[in-house]
Amino acid sequence: MKIKITRRALLAGTAATAGVTAFAGPWKHNRVWAQRTDKPILIGLTHDASGQFANSGQDEQRGTIMAIEEINAKGGVLGRKLSYIVADTETTPSTATRIAERMINRNEVAFIVGAIQSGVANAIGQVAQKYGVVYFNTNSSSPTEAGKDCQRVKFVWDGTGANFANAAAANAVKTFGKKWLLLTNDYVWGHNTSKATRTTAVQYGADVFDEILVPVGTRDFSPILLKIQQAKPDVVAAAVGGDDFKVMRQQTVDMKLDRKPAWLNNQQDWPDVYGLGIDSVFGVFGTTWYHKLDLPGVEDLVKKYQARWPDTRIDVPGNVFYNGYMAMHELAKAIERAGSTNNLKVIRALEGHKMSARDRLQHGDAYIDPVSHHVQQTIYMAMGNDKPVDKTDYFKILSWVGADDAKDKNEATDCKLQPLDKTPSYEM
Amino acid sequence: MLVAFAIFGTLPFWISEIGLYPYLGAEVLIFCIYALGYNVLLGYGGLPSFGHGAYFGIGAYAFGLAQFNLSSSLWLCLVAAILAAAFFGAIVSLFISHRRGIYFALMTIAFGQMFFFIASKWTSVTKGEDGLLNILRLPADFGFAAYPIQRNIPFYWFVFGCFVVTIIVLWRVVNSPFGKVVQAIKQNEARTAFLGYNVVLYKAAVFTLSCAVAGFAGALFAMAQGGAFVQVMNLQWSGVVVLMVLIGGGFVSFWGPVLGVVLYFVARDLLGVYTDTWQLWFGLLFMLVVMFKPEGLAGIWQGIVYRKQKPRSSASLHLLVMLRGR
Amino acid sequence: MDFLLYLLPHLLNGVALGLLFALIALGFMLIIGVMEVINLAHGSLFALGAYFALSLMTPDGGLKLGIAQLLFDLPIGWRYVIVLILAPIGVAVVGMGLEVCLRRTYGKDPLYGLLLTFGAALVLEELIRLTWGPTERFIPMPPSITGAVFIGDLIYSKYRFFASGFAILMIGLLWLFLEKTPYGALIKAGAHDSEMVRALGVNLTRLRLFVFGFGTALAAIAGIVMAPIWGVRPHVGVDAVVPAFVIIVLGGVGSFWGAVIAGLLVGMVVGLTGAYATDWSLIAMYILLILVVTFRARGLLGKKSVLEL
Amino acid sequence: MALFEAQGLHMRFGDRVVLEDISLDFPEGRLSGIMGPNGAGKTTCFNVLTGRYKPTRGRVVFDGEDITGLPPRTIARKGVSRSFQLMNLFNDFTAEENVLVALPAMRQRGFDLIGDAMGDRDLRERAEAVLERVGLAGKGPELAKNLSYGDRRALEIGVALAAEPRVLFLDEPTSGLGTDAIARLGHLIRKLKGEITIVAIEHDMEFLFGLADSIAVIHWGQVIRRGTPAELRANPWVQNSNLGRLK
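Right, here's the structure in full:
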């Protein structure tokens, strides 16, 4: 047993990144130590590197890291450089909790950024709230994130399932018809998203005649596809996510069923489709950003991305990258506005903050909702591109909806942020 | 035993110095409890369950639900978690106790998957993939005084206390007449039946017991995380506990699982800092252990001790027996 | 009548699904039946098959050897046929490497074989992620087997016809091999009486190496055939190994027809629950397993095996 | 009055008839033998008698009670104990633990989850006594798997004895043993004879002839001869048959 101690000690010696930490004094406020002003601001990046969302996790990581490098190239924030540490959250909440604890207690990060899956985001959010660390949920789009599971320290950057439903449903009733069938992945995100779709669709006169619950982990959609054919709906509104969605897409496209009923897919994450060929995009779906938006600055970002990440298989930036990239830049700006890395000041600087369409590289202005901490933003509707200009041009952008129209009205009632004065002060 | 207690009993004083952190210590201890309970089933009973995460998860959910709906007493909530896990374990044991080997293993997978599936589906109760959040670390009320265990270090002490209790209970169980019978069943089920034992009942009992311990650990884990998440119930996490127990040497030692858990978490935490591909290195390490030292870490340790201690004094023999477990 | 018309496509679909499930389980069955090793790396080898096929089918797979260019220049149909032969051979080599590692566990508790392959599964999956990246990949298929067919007014996938036909072919070939060739007889003898095989003067070590390689090649074939249906991603193997496991136990360890029947049964159950109670379709297979094993200890057609000890 | 009786046992596996109308009785306090060539149905008969298999037809009666088809553990609890032909010890237990687990007193405490199994002096003394009885005094702390072949056989009988049976069934006790060990075993069984009722299957005729009070010969699933050793020895059929070594 003694051997173990020495081995551990040895390992500790090699783990040079860890500063010498001691636990002293009462917990809540001992985190506010005098900081040397030149000490880098350490950001903990909690992106999935394995598990179901490894691919998206790595894509948002490219976004956050690129933003950090750009900020540092301009001299950092408040005279301090940004540095970062990365840990794989494995798409697993228990891992995420441990990593958040480690980042805060051992690595002493100032902020935590990154999430794809809502369970992971919640696990990190809870730890962050306990210590008061500001946490950015970059890419988990469960409506509960800015609803009942909102946190004072947590900010949600992606559009949620409800946003996409709001943006799409009204239009789809007019365009495709009134006979609707819902295809719902049998988990919280699926249920919430379908609920939002149903509400909006019914409001615009649709008849939702059936809802098929698809168990999470379904690998064969053939019975479901047959069932859909037998039911003959005008519109199939699908809230199917993760690997299930990839499998469903593949099987639907293979059977050429992607044209006959109109498919309304909630959101299409870029990393999930890129590389599979333009044919593999099916249905109408939402996204927060596209690399061929006709806006100033978009092309620049694409070029910068390609220069920085020449080796990645994803040749152009997509929405997942974009959310990570924008969030990190906004974090730096918020620190600048707050004049401090103190969490409470940063939170105040973020709440209600307005971001211009120009800065966001979107068509409409966006703002951080002070009620739910959700970034209310432009939502684009898109479909597979029938006239691509190059091999990356998968999407045809159909329309866009401004922040206030896409907004999820339930957030205001569902979300109850912890009071700011009950949030521990934290500064690194 | 003393060495283990000494290391874990002083851990908060030095863990930060070696580059780790108290939360990790608490998590390690919780998984030690889980793994030790599991090893009573696998190492002593010879019954490979590949769906044990289910009972860990049931414990976590039961703890959270009890806290929200029943009582704000820590003890009652813990008891509820243990009973819930034991209850479902007992039901499952009715189906699987007359099975052996691979059929036993498969049935545990099937039931584990069912529980996992139900937990993911029954979102109104478990909150599905979002997780059952805001589970509190309730104060430990001893009647004469109540201690808050919100912060990580007091929480660590609390978990350590639970660990000690678990060790003592399980140690007594494996050395009790019941423990002997269970070991006899592992070695020779038919013979044990011919000696007049109702082996099915014993298998059911040991399965239920280890489910109860898993539920206990699950409840502690819910406190540690402040929530209950469905992922701990999936097949992969059920596999991880088997892996930890065997790599540590659960077949040859009571303490094996503890070694395995420590190795797993520390290696993962440290490898995870340097590489995203820790799974590759850990997998390789694991293959090497299975190939060259299937008795696991405890086997290596025993090899060293035996070689050094050819002429044993009775005192050191006693110590050795305590260390090896059996 | 309406009811029957509604049911019929689902029944047929269930049969097609069942054949695919049986195909997925074949390699697993061979290894568990003959060597009494539970090969948890089956899924990763299944995935590896798909990735090898990816690399051989298209330059997109990252294979930069000059000789591969010859392959890429072939018409896609021929390329596909060649890949269906070459990729499994490649995977078989990997599998044989694994068998060499496994030798140290022979004669011990079968749990150790299971654990070793569990470790191998982790390693293989991570190697796949390192080599080909975490992104979803796409293997081009000959156009003659993709697309849709019309059955009445229903559309069905052409590829599924091909895949289930292929599954029947593989099941038939394997059966012929096991029953009608001297090698098959040897393999079956090796399953139950290793002493007899030794007495016949056959090198048991080599026989096991061969069987394991053969089993992993079957896993790879299943991986390639399933790729257009399930997609190709590093962790796709998990989707294969669990059903394979279920099917083997349901059918009974060591029984060829047991596995085939169980595969069909699972396919039918998944197909029908998919139509009538979609939200229960995934768990149906486990409920089926629990029911069968509760009443028939060794599955449908199982024999006694050391794995029970 | 026989303590243990088999009445008209039939046993079929599939369409194979293994036992056909077997009736046997084993009087109290005697040593009865069953012999026959390999494959004659001896072991199946044994397994039916001790409850491992349920006979297709017929009854097994112990002490006036019908025990046909009861599970092995119930039969064992009534006082029927058996040893196994292929040695069936708890290999990772010590010799003492092997015996300990078999004691009825231990069985009664089987669901004692917190007591110390090895701390009960009374139990250990009883176990020690059994070991002594089978000639293994002092070998208690040895692991069963490390014992010599002869010692293991003795322990096998010790485990069966520890259950404090009224009837002890021995399945081919001499198989695999050398001459010395057989002699030792003979000595041991002779000591037990008279204390309890013993039924032994054996194909070593010499061994059985020297010990048994009466012997039944089974062939093709039927009892073909019964009698005392002397009667059988004189029987020309037995002499001519190849039932085993007969000097």
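Residue numbers (the numbering used here), protein chains in the order written: chain B, 4 to 431; chain Z, 75 to 400; chain D, -1 to 307; chain V, 150 to 396. Beta carbons: idealized from backbone N, C-alpha and C, even for Gly.
The alpha carbon of residue 341/V has as its nearest neighbour, out of 350/V, 307/V, 152/V and 208/V, the alpha carbon of 307/V. Within chain Z, no C-beta atom comes less than 8 Å from the C-beta of residue 204/V; the nearest is roughly 18 Å away.
Taking a contact to require three or more Cβ pairs closer than 8 Å, the segment 247 to 255 of chain Z and the segment 169 to 184 of chain Z do not qualify as touching. By DSSP's assignment, residue 423/B forms no beta bridge with any residue. Annotation: Cβ neighbours of residue 202/Z in chain B (cutoff 7 Å, chain order): 190 and 191.
For residue 244/V, the CB contacts under 7 Å within the same chain, skipping 5 residues up- and downstream, are 280, 285, 288, 289, 291, 293, 296 and 304 in chain order. Among the residues of the segment 167 to 183 of chain D, none has a Cβ less than 7 Å away from any Cβ of chain Z. Apart from sequence neighbours up to five positions away, the residues of its chain that approach residue 181/Z with a beta-carbon distance below 7 Å are 169, 170 and 173, ordered along the chain. For the segment 353 to 371 of chain Z, the beta-carbon criterion of a distance under 9 Å to any beta-carbon of chain D is satisfied by 353, 354, 355, 356, 357, 358, 359, 360, 361, 362, 363, 364, 365, 366 and 368. Collapsing the DSSP output to three states places residue 138/B in a strand.
With respect to the 9 Å criterion, residue 27/D and residue 207/D are not classified as neighbours on the basis of their beta carbons. Apart from the 5 residues on each side of it in sequence, residue 226/Z sits with its Cβ closer than 6 Å to the Cβ of 96 and 97 in its chain, given in chain order.
When only Cα atoms are considered, residue 81/B and residue 363/B end up about 22 Å apart. Closest by C-alpha distance to residue 320/V, out of 347/V, 300/V and 275/V, is 347/V.
Of the candidates 71/B, 133/B and 49/B, 49/B places its Cα closest to the Cα of residue 95/B. For the pair residue 325/V and residue 37/D, the Cα-to-Cα distance works out to about 37 Å. The beta carbon of residue 303/Z sits closer than 7 Å to the beta carbons of 205 from its chain, once the five residues preceding and following it are set aside; these are given in chain order. The C-alpha of residue 32/D is placed about 11 Å away from the C-alpha of residue 176/D. Residue 243/V sits in a strand when the DSSP states are folded into three classes. The alpha carbon of residue 43/D has as its nearest neighbour, out of 104/D, 116/D and 138/D, the alpha carbon of 116/D. Around the CB of residue 122/D, 16 or more other CB atoms lie within 10 Å, so the residue is classed as buried.
Three or more pairs of CB atoms, one per stretch, sit closer than 8 Å, so the segment 385 to 395 of chain B contacts the segment 277 to 285 of chain B.
Against chain Z, a Cβ distance below 8 Å from residue 104/B picks out 95, 97, 98 and 226.
For residue 355/B, there is no enclosing alpha helix (DSSP H), since its DSSP letter is neither H nor E.
The count of Cβ pairs closer than 8 Å, one atom from the segment 261 to 276 of chain D and one from the segment 219 to 236 of chain B, reaches three, so the stretches are in contact. The beta carbon of residue 251/Z sits closer than 9 Å to some beta carbon of chain V. Sixteen is the threshold: since fewer than 16 other Cβ atoms of the shown chains lie within 10 Å of the Cβ of residue 149/Z, the residue is exposed. In the DSSP assignment, residue 380/V falls within the unbroken alpha helix (DSSP H) covering 378 to 383.
Rounded to the nearest whole angstrom, the CA to CA distance from residue 311/B to residue 354/Z is 27 Å. Within chain B, no residue has its beta carbon less than 9 Å from that of residue 141/Z; the closest one is some 15 Å off. With contacts defined by Cβ atoms closer than 9 Å, residue 191/V and residue 364/V do not form a contacting pair. Taking 9 Å as the CB threshold, residue 277/Z stays off the interface with chain V. Shown here, residue 214/Z sits in a strand according to DSSP, grouped into three states. Rounded to whole angstroms, the Cβ separation of residue 236/Z and residue 157/Z is 16 Å, and the two are not in contact under 8 Å. Here residue 274/Z has 171 and 172 as same chain residues with Cβ atoms under 8 Å from its own Cβ, once five neighbours each way along the sequence are excluded. The closest CA to that of residue 160/D, considering only 168/D, 150/D and 143/D, is found on 143/D.
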